[in-house]
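What follows is a set of notes on a single structure, which appears directly below.
If you want it as structure tokens, here you go:
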């Protein structure tokens, strides 16, 4: 029987430590992991809990991240609660198996400390790895700080393992900015946490010898399409389960989460849409700008990146006062508009407000995103709103040295 | 052909891929396929003809149409060494109590491995055209070869 870990009402934890504590409280059966910066302390901490008797499960050391996720798929198909952690290149190496995990409907939890993808080689945080996972069929929850890294990881087990969902879940936090920044975290005690997550309920587990089962069967054009459609529906329908789990979590802790967090949107004339730790920077900038210059700025932050909350993004943006919205992508878009811009614009297109939509690429490879820069972008949005049309290129780059870089101009106004 | 050789009534009842094409709402979660109908704790201890195979188990599908040549088995020469049973990649050699009985033509794909590994002289398994009659093939079985000096 695992030992109970003594926790204070408030602890000083960084995002990695918070995530590893949440994994410990979930009493996972198998963690198969390969370390990579900046997520290493998550599984390093977990390994210590196993070694010191705080976890009853197995810690499997593997030869690569491909092996780590493969081990997770095998253990999950066998019928265990399974989790791991990774970042960046390790995430990229996992990608093939991520699709296996979701297609096989295995509720694995993957904690990701977001980091840039090489080349150039870079260990700092941006959202390249998170974006790389967006078509993989996983649920993707985004934590903006260490407390949320803890909370989202606890919620991830509940969401993924729900019998109507049975899909793997990623919990993202920003590499270094969140993963290595110590903050006050209010944990819940072991017994309460485990009661919230609940005992693992296996489905079609291979260790049930009374019902021999084949996992990972091959299908061709005759069956593949139907299975992918069923999987997509489960992912889309997980929205209500996520809402329910968040509601239950609020009852337990008082901390309220939504699939889309929005701040000061009720009377907003301009808005920024962004993800991760930058949300807190933007909220601070918006508050200051409201006080300093009276510009009515709001912030929209999808906490749930997948399934993409088309419904709630649309609700957040359907404000009669809203004129101009800037979507900020912290990932090199590789020859397109940013993914967040594309998806949020699609949602905004079906609103009555139909605000002007612009795109900023920012923060690549860990480039700092300051409050001042956030304010500059907000003021630029206000200029669009006043002019009645987009006065700059539609896609621009924030915090980039050298000549101004931008693409495409509006045909409205 | 002894198509029903030690097979239950579900063996090879349809072409592979001819199963009922249900819609997305009826496919299994995660492409999971159950091998048997209901509880089957002791399946490993049952002979194939005693198991209740599921419709999606390949046991119930036939792939005979994939074959253009087939192995024919000659009981008179066979020494029951079980080499073919061990090597067959599709468990299509039927043997009970270490006595070779014949070939499961529903699942044999005509690869010829059984013929290759047969140690007798002449061989107890030989490949013939798919349309050739088994009795005619047996009647024309080659004689024992003399050792070359």
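Residue numbers (the numbering used here), protein chains in the order written: chain A, 1 to 413; chain B, 1 to 149.
Where a beta carbon is used, it is the ideal one built from N, C-alpha and C, also for glycine.
Keep in mind it's a predicted model, so treat the numbers as computed, not measured.
Does DSSP put residue i in a helix, a strand or coil?
i                      : result
residue 103 of chain B : strand
residue 172 of chain A : strand
residue 369 of chain A : coil
residue 67 of chain A  : helix
residue 377 of chain A : helix
residue 114 of chain B : helix
residue 43 of chain B  : helix
residue 315 of chain A : helix
residue 2 of chain B   : Low confidence applies to residue 2 of chain B: its pLDDT is 43, below 50, so where it sits in the model is not reliable, and the reading given next is rough at best. Residue state, collapsed to three classes: coil.
residue 54 of chain B  : coil
residue 24 of chain B  : coil
residue 90 of chain B  : coil
residue 13 of chain A  : strand
residue 131 of chain B : coil
residue 265 of chain A : coil
residue 192 of chain A : helix
residue 37 of chain B  : coil
residue 9 of chain B   : coil
residue 49 of chain B  : helix
residue 1 of chain A   : coil
Any heavy atom of the ligand GTP closer than 7 Å to the Cβ of residue i?
i                     : result
residue 35 of chain A : Ligands displayed in this structure: none; no statement on the ligand GTP is therefore possible.
For the candidate residues the options, whose alpha-carbon lies nearest to that of residue i?
i                      : options                       : result
residue 462 of chain A : A/412, A/35, A/28 and A/41    : As shown, chain A starts at 1 and ends at 413. That puts residue 462 of chain A outside it, with no answer to give.
residue 145 of chain B : B/77, B/18 and B/57           : B/77
residue 121 of chain B : B/25, B/21, B/141 and B/51    : B/141
residue 35 of chain A  : A/10, A/340, A/64 and A/26    : A/64
residue 279 of chain A : A/348, A/144, A/244 and A/89  : A/144
residue 184 of chain A : A/18, A/378 and A/269         : A/18
residue 304 of chain A : A/373, A/239, A/28 and A/228  : A/239
residue 98 of chain B  : B/86, B/90, B/104 and B/105   : B/86
residue 342 of chain A : A/115, A/352, A/351 and A/329 : A/329
residue 180 of chain A : A/287, A/38 and A/273         : A/38
residue 156 of chain A : A/129, A/110 and A/124        : A/110
residue 250 of chain A : A/57, A/154 and A/74          : A/154
residue 47 of chain A  : A/70, A/20 and A/71           : A/20
residue 414 of chain A : A/194, A/219 and A/285        : In the structure as shown, chain A starts at 1 and stops at 413, and residue 414 of chain A therefore has no counterpart that could be examined.
residue 62 of chain B  : B/22, B/108 and B/82          : B/108
residue 75 of chain B  : B/34, B/131 and B/118         : B/118
residue 297 of chain A : A/317, A/113, A/94 and A/308  : A/317
residue 17 of chain B  : A/216, A/221, A/93 and A/236  : A/221
How about residue i: is its C-beta nearer than 8 Å to some C-beta of chain B?
i                      : result
residue 210 of chain A : yes
residue 50 of chain A  : no
residue 335 of chain A : no
residue 223 of chain A : yes
residue 215 of chain A : yes
residue 161 of chain A : no
residue 227 of chain A : yes
residue 219 of chain A : yes
residue 104 of chain A : yes
Counting contacts by CB-CB distance shorter than 8 Å, is residue i in contact with chain A?
i                      : result
residue 136 of chain B : no
residue 146 of chain B : no
residue 10 of chain B  : no
residue 63 of chain B  : no
residue 27 of chain B  : yes
residue 2 of chain B   : Confidence at residue 2 of chain B is low in this model, with a pLDDT of 43, below 50, so the placement of that residue is unreliable and no value is reported for it.
residue 33 of chain B  : yes
residue 36 of chain B  : yes
residue 18 of chain B  : no
residue 66 of chain B  : no
residue 39 of chain B  : yes
residue 129 of chain B : no
residue 24 of chain B  : yes
In this structure, what does DSSP give as the bridge partners for residue i?
i                      : result
residue 135 of chain A : Paired residue(s): none; residue 135 of chain A is not in a bridge.
residue 272 of chain A : A/299 and A/326
residue 359 of chain A : A/327 and A/395
residue 142 of chain A : A/172
In the DSSP assignment, find the beta strand (DSSP E) that holds residue i and state where it starts and stops.
i                      : result
residue 158 of chain A : Note, residue 158 of chain A: premise wrong, no beta strand (DSSP E); alpha helix (DSSP H) at 146-161.
residue 70 of chain B  : 69-73
residue 210 of chain A : Element bounds for residue 210 of chain A: n/a, residue is neither H nor E.
residue 236 of chain A : First-last for residue 236 of chain A: 224-253, but that is the alpha helix (DSSP H), not the beta strand (DSSP E).
residue 111 of chain A : 109-114
residue 31 of chain A  : 30-33
Taking the continuous alpha helix (DSSP H) assigned at residue i, which residues delimit it?
i                      : result
residue 46 of chain A  : 40-51
residue 341 of chain A : 339-349
residue 94 of chain A  : 88-103
residue 95 of chain B  : Counting along the chain, residue 95 of chain B falls outside any alpha helix (DSSP H), though it belongs to the beta strand (DSSP E) covering 93-96.
Strictly under 8 Å for the Cβ-Cβ distance: is residue i near chain D by that measure?
i                      : result
residue 166 of chain A : Note that chain D does not occur in the displayed structure, where the protein chains are A and B.
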